[in-house]
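Reading through the structure tokens given below for one structure.
Protein chains: 2
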Amino acid sequence: MISLRNLDKFYQQGPDRFYVLRRINLDIREGEFVAIMGPSGAGKSTLLHVIGMHDTAWTGEYTLLGHQVHKLDRKRRMELYKKYFGFVFQSYHLLDDLTVAENLDVPLGYRDIRKSERQAMVADMLDRFRIVGKKDLYPNQLSGGQQQLVAVARAIIANPKVILADEPTGNLHSSQGLEIMELFKQLNEDGATIVMVTHSETNAAYAHRIIQIADGWIESGANAA
Amino acid sequence: MISLRNLDKFYQQGPDRFYVLRRINLDIREGEFVAIMGPSGAGKSTLLHVIGMHDTAWTGEYTLLGHQVHKLDRKRRMELYKKYFGFVFQSYHLLDDLTVAENLDVPLGYRDIRKSERQAMVADMLDRFRIVGKKDLYPNQLSGGQQQLVAVARAIIANPKVILADEPTGNLHSSQGLEIMELFKQLNEDGATIVMVTHSETNAAYAHRIIQIADGWIESGANAA
Ligand SMILES: Nc1ncnc2c1ncn2[C@@H]1O[C@H](COP(=O)(O)OP(=O)(O)OP(=O)(O)O)[C@@H](O)[C@H]1O
Ligand SMILES: Nc1ncnc2c1ncn2[C@@H]1O[C@H](COP(=O)(O)OP(=O)(O)OP(=O)(O)O)[C@@H](O)[C@H]1O
Ligand SMILES: [Mg+2]
Ligand SMILES: [Mg+2]
Chain B
0 MISLRNLDKF YQQGPDRFYV LRRINLDIRE GEFVAIMGPS GAGKSTLLHV IGMHDTAWTG
60 EYTLLGHQVH KLDRKRRMEL YKKYFGFVFQ SYHLLDDLTV AENLDVPLGY RDIRKSERQA
120 MVADMLDRFR IVGKKDLYPN QLSGGQQQLV AVARAIIANP KVILADEPTG NLHSSQGLEI
180 MELFKQLNED GATIVMVTHS ETNAAYAHRI IQIADGWIES GANAA
Chain F
0 MISLRNLDKF YQQGPDRFYV LRRINLDIRE GEFVAIMGPS GAGKSTLLHV IGMHDTAWTG
60 EYTLLGHQVH KLDRKRRMEL YKKYFGFVFQ SYHLLDDLTV AENLDVPLGY RDIRKSERQA
120 MVADMLDRFR IVGKKDLYPN QLSGGQQQLV AVARAIIANP KVILADEPTG NLHSSQGLEI
180 MELFKQLNED GATIVMVTHS ETNAAYAHRI IQIADGWIES GANAA
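Now the structure itself:
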């Protein structure tokens, strides 16, 4: 469902080109649970942002569910993103002016769901993540781990077809990190395709396949087993 | 060197008081390496911010190197902070308008150090953390782990007497996380007092003592062994 061919990305620094992604060739099938690992600065977050269509400053080809992403305009890309993706950002990107409950409602607002249904879905998510007491607080009133939980909850609340998770457990205690992995495993068994960047071997063990990236190159795992 | 007695902190939420720290009694001796662990929302970051004097909205007593912190004005507290502390924040708090090298120089600027000496210390830090190539970039041009490394480097560059580290390795690969722990161990052997919040058992093993916090209470480890 996700196909990258000869994908390159660089930043211009004065006279030099700093390549962040080099000749990326990658296939991810529907229903796969893939982990992406590698050292700091390898290009993992960058790759996830390309797949999630937040980044269009690259050359090569990207086919998503039959769509040629490199040929689409911004409006169409945003439509596909809102329809199919949930994204857990490495730095969360919660909306500071919205409460926890309002932040969770945002992806539901993109879809054609009745208000009463949306309220029930938000309540269910708050319950599952044990943060009901925080629903009317703002992100800056939450602990680091609580912010991360809200970021994960927001990414999955609308049951998206594709979950992109960039280091979703870095600020959580290991037991809570495992709860998130068990939840991802369940969502994957129910049909979600998951692409997860992680530094944790424990987390990576939940994936069907591990892609190793270093210095912008895919070192192993590019093709489905 | 750090003594907290009957320290309470709460947030007013409508008619209710939400206690974040409850009757904290804690002693940390000079030269100790202490780990603080506990679930999300337990109050760990809050406790570190009280110790580092960024938070003064609490009741009780705090004695730091003989100074009665609860009796000092803001100016005096800031002086003590700049003189004695290095702080690795859970969300880094790098200055977005300064380059990596400029961010590293900030703590040196508080002290009476010659410019040439400061440049050498910044260069040494960039070298040690293998981020020389990033010195003229801004924080938003760095990967998550690179930002964390800069946050750690900034906290230790001026050789502070007390290092407060709030989950200093959450975005790093385990091998790099261990490098940071080995560095902390060395700094501690050279005389630094270290108070580190961590979710990692591996990191906590580097400490002399572990303090467990839950729901604002210290559950164990409050007194030096
Ligand atoms: N401004 C605020 N208003 C209300 N509650 C707050 C505020 N700031 C923090 N809190 C609450 O204080 C509690 C403790 O927060 P703290 O950041 O110290 O937790 P923590 O132990 O560091 O957790 P983590 O491991 O997730 O980083 C949390 O439940 C949080 O929601
Ligand atoms: N705007 C930019 N200008 C220059 N270089 C950049 C810019 N944005 C990112 N980079 C560089 O791209 C590289 C890859 O960054 P990326 O965030 O993808 O790394 P990562 O693999 O996610 O690392 P981490 O595990 O630390 O999160 C880094 O070396 C970073 O410095
Ligand atoms: Mg990253
Ligand atoms: Mg915290």
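Sequence order for the protein chains is B and F. Each residue of the first sequence is one higher than the one before, starting from 0 at the first, in numbering that gives the first Met the number 0. Each residue of the second sequence is one higher than the one before, starting from 0 at the first, in numbering that gives the first Met the number 0. Just so it is clear, CB atoms sit at the ideal spot from N, CA and C, and this is done for glycine as well. What you are looking at is a predicted structure, and each value in this text was computed from that prediction instead of being measured.
key: Ala191 (chain F) (DSSP reduced to helix, strand or coil)   = Coil.
task = Out of B:Val149, B:Thr58 and B:Ala213, point me to the one whose CA is closest to Phe9 (chain B)'s CA.
result = B:Thr58
ask   = In three-state DSSP terms, what is Phe183 (chain B)?
value = helix
ask   = With distances taken from CA atoms, which of F:Phe32, F:Arg22 and F:Asn24 is nearest Arg208 (chain F)?
value = F:Phe32
ask   = DSSP beta-bridge partners for Gln67 (chain B)?
value = B:Thr62.
task = Measure the beta-carbon distance from Phe84 (chain F) to Pro38 (chain F) and round it to whole angstroms, keeping in mind my assumption that it falls under 8 Å.
result = Contact flag wrong, Cβ pair sits at about 26 Å.
request  = With 7 Å as the limit, tell me which residues of the segment 156-182 of chain B have their beta carbon closer than that to any beta carbon of chain F; keep them in chain order.
outcome  = Glu166, Gly169, Asn170, Leu171, His172, Ser173 and Gln175
request  = Below 9 Å between beta carbons is the criterion; list the residues of the segment 38-68 of chain F that meet it against any residue of chain B, in chain order.
outcome  = Pro38, Ser39, Gly40, Ala41, Gly42, Lys43, Ser44 and Thr45
inquiry  = Using beta carbons (cut-off 8 Å, strictly below), is Gln89 (chain B) in contact with chain F?
reply    = Closer than 8 Å: yes.
message = Please report the distance separating the alpha-carbon of Ala221 (chain B) from that of Leu25 (chain B).
response = 5 Å
inquiry  = Could you compute how far the alpha carbon of Asp214 (chain F) sits from the alpha carbon of His198 (chain F)?
reply    = 16 Å
request  = Let me know the secondary structure DSSP gives Ile225 (chain F) once reduced to three states.
outcome  = As displayed, chain F neither begins before 0 nor continues past 224, which places residue 225 (chain F) out of reach and without an answer.
query = Beta-carbon of Ser219 (chain B) versus every beta-carbon of chain F: anything under 8 Å?
reply = no
inquiry  = Quick check on DSSP: helix, strand or coil for Gly85 (chain B)?
reply    = In the structure shown, Gly85 (chain B) adopts extended strand secondary structure according to DSSP, grouped into three states.
query = Using a beta-carbon distance cut-off of less than 9 Å, what residues from the segment 122-147 of chain F approach chain B?
reply = Ile130, Gly132, Lys133, Asp135, Leu136, Gln140, Leu141, Ser142, Gly143, Gly144, Gln145, Gln146 and Gln147
ask   = Identify the residues that DSSP records as bridge partners of Gln211 (chain F): which are they?
value = F:Met36 and F:Ser219
query = Quick one, are the C-beta atoms of Tyr231 (chain B) and Gly51 (chain B) less than 8 Å apart?
reply = The structure shown does not extend to residue 231 (chain B), since chain B is modelled only from 0 to 224, so the question has no answer here.
request  = Output, in chain order, the set of chain F residues within a Cβ distance shorter than 9 Å of His92 (chain B).
outcome  = Those within 9 Å of His92 (chain B) in chain F number zero; the least Cβ separation is about 12 Å.
inquiry  = Between Leu103 (chain F) and Arg153 (chain F), how many whole angstroms is the CB-CB distance? I'm expecting something under 8 Å.
reply    = 5 Å
task = Tell me whether the beta-carbon of Lys133 (chain B) lies closer than 8 Å to the beta-carbon of Gln145 (chain B).
result = yes
task = State yes or no: is the beta carbon of His207 (chain B) nearer than 8 Å to at least one beta carbon in chain F?
result = no
request  = State the DSSP-derived secondary structure class of Ala224 (chain F), mapped to helix, strand or coil.
outcome  = Since pLDDT at Ala224 (chain F) reaches only 45, below the 50 mark, its modelled position is unreliable, and no value is offered.
task = For Val194 (chain F), collect the residues of the same chain with a Cβ closer than 6 Å to its Cβ; drop the 5 residues on either side in sequence, then sort them by chain order.
result = Val33 and Leu163
query = Relative to the alpha-carbon of Ala204 (chain B), which residue among B:Asp189, B:Thr192 and B:Met180 has its alpha-carbon at the smallest distance?
reply = B:Met180
ask   = For Leu94 (chain F), which three-state DSSP category applies?
value = coil
query = Under 8 Å between the Cβ atoms of Leu20 (chain F) and Asp165 (chain F)?
reply = no
query = Is there at least one non-hydrogen atom of ligand 4 closer than 7 Å to the beta-carbon of Gln89 (chain F)?
reply = yes
ask   = Cβ of Leu46 (chain B) less than 8 Å from any chain A Cβ?
value = Within the model displayed, chain A is absent; protein chains B and F are what it includes.
ask   = For Glu188 (chain B), which residues of its own chain have a beta-carbon under 7 Å away from its beta-carbon, when the five flanking residues on both sides are left out?
value = Short of 7 Å from the beta carbon of Glu188 (chain B), and not among the five residues preceding or following it, lies no beta carbon of its own chain.
ask   = Residues bridged to Ile1 (chain F) by DSSP?
value = F:Ile27 and F:Leu63
ask   = What is the rounded straight-line gap between the Cα of Arg117 (chain B) and the Cα of Val131 (chain B)?
value = 15 Å
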